[in-house]
Every structure is written in C-alpha cells, then in structure tokens.
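Going letter by letter, the sequence shown gives residues 9 to 422 in this note's numbering. All C-beta atoms, glycine included, are put in the ideal place defined by N, C-alpha and C.
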Amino acid sequence: MAPGDGAVARSRPFPAGSAVAPVMLMVLILFTVDAVVQTVLPVALAANGLGSGLLVGVFLALAQGLGLLIAPPVNAHADRRGRRGVLAVGGLLIAACAVGVVLAVGRGAWVWVVVVLGYGLGRGATVVTTLAVVARTGDPYRTQGYNGATQRLAAALAAVLAATVLTDGRWVWAFWLTAAFGIAFALLSLRVAGPGGDPGAGVAVARSYPVSLGMLRGDRALQASSLVNLNLACLTLIGNSFYPFVLDVPAGELAGWLLALLLCRDLAAVASGPLFGTVVGRVGMRGVLLLTGGCSVAGLLAVGLGGGIAGVVVGALLQGVAISTGIGATNILATSAREGGTGLRLAATNYLNGVGSVAVPVLLGLSFDLAGASSVFVLGALVCAALVAGVLALGGGTQAGSNRQGRGSTSVAP
C-alpha cells in the first residue's frame, strides 16, 4: 500500500475486503446495457422508418463514438474531484434516454438524434470512469481478472436478453430494462465510488486533450495497452460480425448456432477471467501477453482454416480466453502508473484504439468481399499477431506485473 493510501481507504463506504463485489455489479450492469443497446437500437430505428444502413451507422456512431470525445475531460474532472457524481449523473442520463427512446416512437428523426446523443453522453461519462474505479479497488490483478469475467458475463447476458425481447418484436422492453439498469447503476455508484479521486491528479479539464495525447506519445505502457485493447476489439468484432458467414448450417438453425457460439466464447472468458491474477503470478505479465496473443491467433485460425462446427467451437473457446486475459492486461498496463490520473490514463488509450477500430473493420470487410469469410479470420489472426508483437516490442511485459507480490495488498479508494 502506497504511503497515504490508508487514510483514503478508511473512507471507503464498503470495507476493503468486500469492495470488489459491488464494483463488479456496476461493471455487469453497465456492460450489459451497452451490449443490449448495440443490438436493439438498430431494430428500434428500423421500426421507426430510420433503418437504412447509413442512418443506423450514424446513430451507432453517436451512441458509441461520443465517449471517445468526452472521456478525457470527464475523467480529468473525475480524477481531481471524485468519480461518484460523474457516475451517478451518467447512470441517470442513460436511464432518461432509454425512456426517451420509448417516447420517441413515431416521432421525427431529430428526436432520435437528441435521445441517442444523450445516451452517448451518459455512456461516455461512465465507461472509462467505472474502469478507473475498478483499477483502484482491491488487489489490481485479482480485480482485473474479475473485471474481464464480468464484462463477458454481461455480453452473454445481453445476448440472451436481446434474443428474448426481439423474438416477438418486443424491443421496447429492452429500453425499459435499460432505464431500470441505469437507475440501479446510479444508486450503486453513490455507495461504491467514494468521494475522492486520485490523490495528486492535477490535470485541468481544459488541458485534458493535449495532456492525454502527450501521455500516449511518451508512455510505452499506454501504447502497449492501446494495442492490447485494439486486439480485443478485433477479436470481438470478427466473432460478432462474421461467425454467421462461416457456419454451414440450415438457415432456420443459424440464429440458435450463433447464439450458442457467442455464449461459448463469452462463458469461456467468464471461466478463465478469475484465474488472471494466478496466471500473472506464475508466468508474469509477459507470459500473459503471450497467452493472449497465442489464443487470439489460434482461435481465429481454428475458424478460418479448421472448417466445420468443431473448428468454430474450438476457435470460440480460445477467443474467450484471449479476451478475458486481454481485458486484465490492457487495464493493468494502462493503470500501473498514476501520473496524470487513473481515468485520464485509461482515456488516453482510446485514441489509438479508436483509429484502429475504424481502419480494421474496413480491412476485414475488403477481405470478405475479395476472398470470403474464412479469409477474414486468417487476416484477423495476422492482425492480432502483429498487435501482440508490437506490445511485446514496447516492453509491455516488463512495465507492469513485475512485482506481483508487492502489489497484492493495494487497496486505494476510487
């Protein structure tokens, strides 16, 4: 425990030993909401005459991309002044905009723009800020393992919820549920996220963009974290978008198989996530990064070259392990130092990831058009191999995790 942390830790609303569970509940709620909205919003838009591919893309960009823009100033403020208020307001804004979607049925496009913009603001205010709370709760390695497992449990839960509400066209219920989740998140944040931010974090909101960009340019750990994050985005995108094209099953069975494979991937991540701290203790962070990269590449090649249902299932399992270990690794790399504030450091990793998240899908889509679905998985494996090689070249395995035992007692109030 760092000097001075004890006084901060005593102000935590939950005792240090029990702090992880409620924080993980916040993660579960937030990432379930995010995945449900990603799935159901296009259906809601189509039901209201806004279902063209371009419009859906624009609305999803508003919902998802706005967070990249507001994360630096929001987290500069939260690092200095505390995260409780930011998280509570963000949760309530998500809830209000979910109700707004229901009320927008039958109204003009401008109403939908306002509602989706509001959701994007709420999401942008909460995602990185919540991960900053996670980073400073309990033992960092054990907590990040639970974080990876919880995020993928949220994805699995969202898949089931979305499939349930969309079966009979009851998409409105997804947004009522989102509203309830947003309120629960806001209430929980008041209990979990203590009043303090990061002691010593002093970046002014107005300087959050240049400072965070400067941090990314000068900090190899943040660069490595960004590459791991992009690797995760690549894995998730390929599985979510291209599994249907490699499944050789009757059309009537496709939806069931797709749901089963996504659950297989995500539940593999849930099972392996809690082992993250143990694995770091055994093989070090460099070993974990090699595991993440190896499972990423092997999982994609199993689908692209293996052929058949068996190859896809094996690939999904390996991708699940890669995702859970990658979530832990990217957050440990980003938050292993405190300079600039925890939230702002996490926000700084979004720049490179954001650019890559635009470029990689275009590259994969071109591969699909030119060489078919299997080529997407092979190309994805090459991209993942290059990303993990870049992480190792940046020294990602030595900048964090080198003193696993020494950090085991860390418990810093968010």
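Proximity of residue i and residue j at Cβ, strictly below 8 Å
{"i": "residue 40", "j": "residue 166", "result": "yes"}
{"i": "residue 58", "j": "residue 118", "result": "no"}
{"i": "residue 230", "j": "residue 356", "result": "yes"}
{"i": "residue 67", "j": "residue 124", "result": "yes"}
{"i": "residue 400", "j": "residue 387", "result": "no"}
{"i": "residue 183", "j": "residue 106", "result": "yes"}
{"i": "residue 27", "j": "residue 146", "result": "yes"}
{"i": "residue 311", "j": "residue 385", "result": "yes"}
{"i": "residue 216", "j": "residue 341", "result": "no"}
{"i": "residue 339", "j": "residue 139", "result": "yes"}
{"i": "residue 78", "j": "residue 33", "result": "no"}
Straight-line Cα distance separating residue j from residue i
{"i": "residue 219", "j": "residue 211", "result": "8 Å"}
{"i": "residue 238", "j": "residue 306", "result": "17 Å"}
{"i": "residue 416", "j": "residue 141", "result": "Since pLDDT at residue 416 reaches only 37, below the 50 mark, its modelled position is unreliable, and the value read off the structure follows with that caveat. One C-alpha to the other measures close to 17 Å."}
{"i": "residue 136", "j": "residue 259", "result": "39 Å"}
{"i": "residue 89", "j": "residue 82", "result": "10 Å"}
{"i": "residue 381", "j": "residue 37", "result": "33 Å"}
{"i": "residue 225", "j": "residue 316", "result": "44 Å"}
{"i": "residue 195", "j": "residue 151", "result": "22 Å"}
{"i": "residue 270", "j": "residue 247", "result": "7 Å"}
{"i": "residue 287", "j": "residue 252", "result": "33 Å"}
{"i": "residue 50", "j": "residue 73", "result": "16 Å"}
{"i": "residue 87", "j": "residue 209", "result": "6 Å"}
{"i": "residue 48", "j": "residue 171", "result": "9 Å"}
{"i": "residue 267", "j": "residue 244", "result": "14 Å"}
{"i": "residue 473", "j": "residue 223", "result": "In the structure as shown, the chain begins at 9 and stops at 422. Residue 473 is therefore absent and cannot be evaluated."}
{"i": "residue 346", "j": "residue 296", "result": "22 Å"}
{"i": "residue 500", "j": "residue 35", "result": "Lying outside 9 to 422, the shown extent of the chain, residue 500 is not represented and no answer is given."}
{"i": "residue 313", "j": "residue 389", "result": "11 Å"}
Supposed close pair residue i, residue j - CB separation, criterion 8 Å
{"i": "residue 97", "j": "residue 133", "result": "7 Å"}
{"i": "residue 336", "j": "residue 155", "result": "7 Å"}
{"i": "residue 509", "j": "residue 162", "result": "For the chain, the structure presents residues 9 to 422; residue 509 sits outside this window and is missing."}
{"i": "residue 294", "j": "residue 402", "result": "Not a contact, Cβ separation roughly 11 Å."}
{"i": "residue 329", "j": "residue 272", "result": "The pair is not a contact, with the Cβ atoms about 12 Å apart (cut-off 8 Å)."}
{"i": "residue 104", "j": "residue 282", "result": "The Cβ separation is near 35 Å, so there is no contact."}
{"i": "residue 71", "j": "residue 127", "result": "6 Å"}
{"i": "residue 185", "j": "residue 395", "result": "With 8 Å as the limit, residue 185 and residue 395 do not qualify as a contact, their Cβ atoms being about 35 Å apart."}
Residue environment, residue i, which counts as buried when at least 16 other CB atoms sit within 10 Å
{"i": "residue 60", "result": "exposed"}
{"i": "residue 14", "result": "Interpretation of residue 14 is limited by its pLDDT of 34, a score under 50 that renders its predicted location unreliable; the figure taken from the coordinates is listed afterwards. Exposed, by the Cβ-count rule."}
{"i": "residue 300", "result": "buried"}
{"i": "residue 168", "result": "exposed"}
{"i": "residue 173", "result": "buried"}
{"i": "residue 354", "result": "buried"}
{"i": "residue 404", "result": "buried"}
{"i": "residue 198", "result": "exposed"}
{"i": "residue 368", "result": "buried"}
beta-carbon residue i near the ligand HEM non-hydrogen atom, thresh 7 Å
{"i": "residue 215", "result": "Absent from the structure shown: the ligand HEM. Ligands present: none."}
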